[in-house]
Amino acid sequence: GGIAVALAEMAMASGIGATVPGLVGTDPIPVWFGEDQGRYLLTLSIDPHGEEWDAIRKQQGELGIFAPWIGSTGGNALKLGDARAIPVSDLTAAHEGWFPRFMDQAS
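Each step along the sequence shown adds one to the number in my numbering, with nothing skipped, and position 75 is 75.
This is the structure:
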């Protein structure tokens, strides 16, 4: 679970990769895979340095919401932190193929 799995699922569903340089936290396992309640992942078609994002940040502050910009979507690979980039097609093949491979080994 967590943000890493949500990003992978979004990438596989859309065929669009993402780059997330890193998330704030001392231990990467709970940061990437923690299933904390109240954590949401959104993709927006706006410039993180533009007026639209500034307006969203202002509203967040007024409402007491912490919602940082964590990365960008695009390309054909998923890159999380310092890990190597994984092509979305490889993620999809592994995700869709694990059960048939498991069943082949069981018989």
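No residue lacks a Cβ here, since even glycine has one placed at the ideal position from N, Cα and C. Predicted, not measured: the structure shown is a model, and the values here were computed from it.
Cβ-Cβ distance between residue 41 and residue 3 below 8 Å: yes
Burial state of residue 98 (16 or more Cβ within 10 Å): exposed
Per DSSP, the bridge partner or partners of residue 80: 20
Cβ contact check for the segment 7 to 17 and the segment 48 to 65: 3 or more pairs under 8 Å: no
Length of the line joining the Cα atoms of residue 102 and residue 88: 21 Å
Outcome for residue 71 when other beta-carbon atoms lying within 10 angstroms are tallied against a minimum of 16: buried
Buried or exposed by the 16-neighbour rule on C-beta atoms within 10 Å, applied to residue 55: exposed
Rounded C-alpha distance that separates residue 27 from residue 105: 35 Å
Check: residue 7 C-beta below 7 Å from any heavy atom of the ligand MG: For the structure depicted, the ligand MG is absent and the ligand set is empty, with no information on it obtainable.
Within 8 Å, strictly: CB atoms of residue 17 and residue 74: yes
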